[in-house]
Amino acid sequence: MKYVPRKIKDKYEILGIIGEGAYGVVLKARKKDENTLVAIKYFKEAPGYQTDTDVIDRELTILRSLRFENVVELIEWFRDKKRCCLVFEYVEWNMLQVLQQHPEGLPLEQVRRLSYQLFSAINWCHIHEIIHRDIKPENLLISKNLILKLCDFGFARFCNAKTLADHYTDYVATRWYRSPELLIGSPYGKPVDVWACGCIMAELKTGQALFAGENDIDQLYRIQQCLGSLPAKYIFTMNTNPKFQGLRFPPIRHLVTLEERFAHIFPSEMMHLFKNTLRLFAGDRLTAEKCIQHEAFTYLHQTSSKRQYYQSKNTHVPVTAPQYNVDYNNTIPVLAPSFVDNHLNKSHNDNSETHRRDQSSPLNTTNWNIDSLTDFSPLGFIFY
1 MKYVPRKIKD KYEILGIIGE GAYGVVLKAR KKDENTLVAI KYFKEAPGYQ
51 TDTDVIDREL TILRSLRFEN VVELIEWFRD KKRCCLVFEY VEWNMLQVLQ
101 QHPEGLPLEQ VRRLSYQLFS AINWCHIHEI IHRDIKPENL LISKNLILKL
151 CDFGFARFCN AKTLADHYTD YVATRWYRSP ELLIGSPYGK PVDVWACGCI
201 MAELKTGQAL FAGENDIDQL YRIQQCLGSL PAKYIFTMNT NPKFQGLRFP
251 PIRHLVTLEE RFAHIFPSEM MHLFKNTLRL FAGDRLTAEK CIQHEAFTYL
301 HQTSSKRQYY QSKNTHVPVT APQYNVDYNN TIPVLAPSFV DNHLNKSHND
351 NSETHRRDQS SPLNTTNWNI DSLTDFSPLG FIFY
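Per UniProt numbering, the sequence shown starts with residue 1, numbered consecutively.
Written out as structure tokens, the structure reads:
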């Protein structure tokens, strides 16, 4: 692979291609001197070089400021002429793969544990004034020990009191996880991440997306079918958005509320948390900090009290991995090219909806239990 820098080849043994596309390639590799697995995201030189460089630089800055156990770890990075590669810890699975194998959802305690880790990751981002803006199952990695890692900070932004009132970009977040304020084009802030986390909670338990709209208008309608009419402030904003000019939603004759859909699934304390992440008005939602302090996670508070928060740019905790004895005869096996459609070919201005349930996934032929994951998946690390 001629585009892999010598610095990478000298330091890492390339085990295979996780995915390759127009914007770059993701490699599975092993660090030679430590025998640990890593994932290397390598960006090829592209026509929109300056724009791509800005995106990469921003992602680098954000990742370097977020050292936390529930955020995927950036180990190191290299620049080669006009190209860049990022080296990450290797994680076996992502949440989409887990949901593909459990189409009816996960057991309650696993949902609770994963949700707590997700809120913890988002809280850590928000403490550092970072909005992720693209929380979805593909961007939530899960280790064989059921440790969740938030990844893909390509859409993330720093925020402050001034910029919270401004518009960032028109397209952020996969549609099914977009909050009402994102959908109508209103100024937004940290609550957009909390909304997405609420959607993830539901999907973890049922195996299906909570609001699976076919377009932005359908997405808004599905949300209102469940939560009621949008606040007057949002309706005003929507009416001033040319995208929605002349739009009138059909009357909703019967709400199918969150209580009707989930009261028999979630116990009362988790139901309270769940509902308060999905308030229509952003200001009414719980903060990520309040979410992790919620009584739904009471017993997890004790086990997490010993967790070490670290933020040193020079600190690296190696990820141990199984040993492999493989002879590739100077070739690199293609491990998972089908992953490219959702990730490496994704433009940062692409507003197309991702096909979320790929029945051709190799995982669909595999029976496994999330309690005893094994490290065999070629799709173990997915960014974009």
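Quick reminder that beta carbons are idealized off the backbone N, C-alpha and C, glycines included.
Keep in mind the model is a prediction, meaning the values are calculated, not measured.
In this structure, Cys197 keeps its C-beta atom at 8 Å or more from the C-beta atom of Leu86. Fewer than three Cβ pairs drawn from the segment 99-109 and the segment 56-65 lie within less than 8 Å of each other, which leaves the two stretches out of contact. In chain order, His128 place their CB closer than 6 Å to the CB of Ser65, counting only its own chain and leaving out the 5 sequence neighbours on each side.
Residue ranges of uninterrupted beta strand (DSSP E) with 3 or more members are absent from the segment 260-309; none lies entirely inside it.
With 16 or more neighbouring CB atoms inside 10 Å of its own CB, Ala29 falls in the buried class. For Cys197, the uninterrupted alpha helix (DSSP H) segment begins and ends at 191-206.
Cβ neighbours of Phe244 within its own chain (closer than 8 Å, five residues either side excluded): Ile184, Ile217, Met238. Secondary structure at Phe153: coil, using DSSP grouped into helix, strand and coil. In the three-state reduction of the DSSP assignment, Ile223 falls in the helix class, which pools H, G and I.
Take the alpha-carbon of Leu278 and the one of Leu37: they are about 38 Å apart.
Lys32 and Glu13 have their C-alpha atoms spaced approximately 6 Å apart. Ranked by Cα distance from Glu69, the first of Glu104, Arg285, Asn123, Cys84 is Asn123. DSSP places Phe119 inside the alpha helix (DSSP H), whose first and last residues are 108-127. DSSP places Glu76 in the uninterrupted beta strand (DSSP E) bounded by 74-80.
When the beta-carbon positions are compared, Glu181 and Ala282 come within less than 8 Å of each other.
Going by DSSP, Ala29 is part of the beta strand (DSSP E) stretching over 24-31.
Within 10 angstroms of the beta-carbon of Tyr177 lie 16 or more other beta-carbons, which makes it buried.
At a Cβ-Cβ threshold of 8 Å, Leu280 and Leu210 do not count as neighbours. Taking C-beta separations shorter than 7 Å and ignoring five residues to either side along the sequence, the partners of Ala212 in its chain run Trp176, following chain order. Counting the other Cβ atoms within 10 Å of the Cβ of Arg83 gives 16 or more, which makes it buried. Looking at the DSSP output, Gly16 bridges to Lys28.
Per DSSP, Lys7 is not a residue of any beta strand (DSSP E); the alpha helix (DSSP H) it occupies stretches across 6-11. Here Val192 has Ser179, Leu182 as same chain residues with Cβ atoms under 6 Å from its own Cβ, once five neighbours each way along the sequence are excluded. The C-beta separation of Leu204 from Ser115 comes to about 7 Å, placing the pair in contact by the 8 Å criterion.
Straight across, the Cα-Cα distance linking Met201 with Phe274 is about 7 Å. Residue His294 holds the alpha-carbon nearest to the alpha-carbon of Met271 among Gln208, Leu148, His294. For Val87, the pairing in a beta bridge is given by DSSP as Ile40, Glu76.
Partner residues in the beta bridge of Leu148, as assigned by DSSP, are Ile142.
Within the same chain, and ignoring the five residues on either side of Glu76 in sequence, the residues whose Cβ sits closer than 6 Å to its Cβ are Val87. Comparing alpha carbon positions, the residue from Thr174, Thr206, Tyr221, Asp10 closest to His102 is Thr206.
Rounded to the nearest angstrom, the gap between the Cα atoms of Asn94 and Val72 is 12 Å. Taking the CA atoms as reference points, Arg157 sits about 16 Å from Thr174.
The Cβ atoms of Leu300 and Arg113 sit closer than 8 Å to each other. Asn139 is positioned such that its CB atom lies no closer than 8 Å to that of Leu146. Of the candidates Gln208, Ile131, Phe266, the residue whose Cα lies closest to the Cα of Phe153 is Ile131.
The C-beta distance from Gly24 to Lys44 rounds to 5 Å, short enough to fall under 8 Å.
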